[in-house]
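The opening residue of the sequence shown carries number 5 in our numbering; numbering runs sequentially from there. Where a beta carbon is used, it is the ideal one built from N, C-alpha and C, also for glycine. Read through the structure below, which is laid out as structure tokens, and then see the notes.
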Amino acid sequence: MRKAISLFSISFLLCFLAYAHAPTDIEITPDFKNNNLKVEITHPVSNPRKRYIDKVSITVDDKDPIIKYFFFQVGDKKIFTIQVPDLDKVKRIVIKARCKHGGSLEKEFDMNDFRDSGS
């Protein structure tokens, strides 16, 4: 009986993982002059009206995260801009994007990399 339950559990988990579709990339473009942060999340899916990025959390220098909720996605990307006060003083930003049907991606950005590149 235990073997049957274990096999069922593993099969269920594999089916769920096959259905889950995590984002594939997160990129940011900081605008230090206007304190804006453009966030671009790549999430290619066959039907972006049903399978989309539904939650994004943005953590700036380990402070409380900024949470954004979404209800659809157009094309293969979710693109939005948020205002980040004193963006020129920020050291680190962590962004986590979640697909409505499971799967997520987290990416950390060292803001000095953007200042050095002249963004």
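Distance between residue j and residue i (C-alpha atoms, nearest Å)
| i | j | result |
| --- | --- | --- |
| K111 | R6 | 39 Å |
| V98 | F75 | 22 Å |
| S61 | Y73 | 9 Å |
| K54 | D80 | 13 Å |
| I45 | D117 | 19 Å |
Where residue i sits in the DSSP three-state scheme
| i | result |
| --- | --- |
| N116 | helix |
| K95 | coil |
| K54 | coil |
| K111 | strand |
| K72 | strand |
| K7 | helix |
| V78 | coil |
Residue j beta carbon less than 8 Å from that of residue i
| i | j | result |
| --- | --- | --- |
| I30 | L91 | no |
| P34 | L41 | yes |
| R102 | D114 | no |
| V43 | I32 | yes |
| H105 | K82 | no |
| D65 | V94 | yes |
| P27 | I57 | yes |
| N39 | V88 | yes |
In chain order, which continuous runs of the beta strand (DSSP E) of length 3 or greater are located wholly inside the segment 18-52? 29-35 and 40-46
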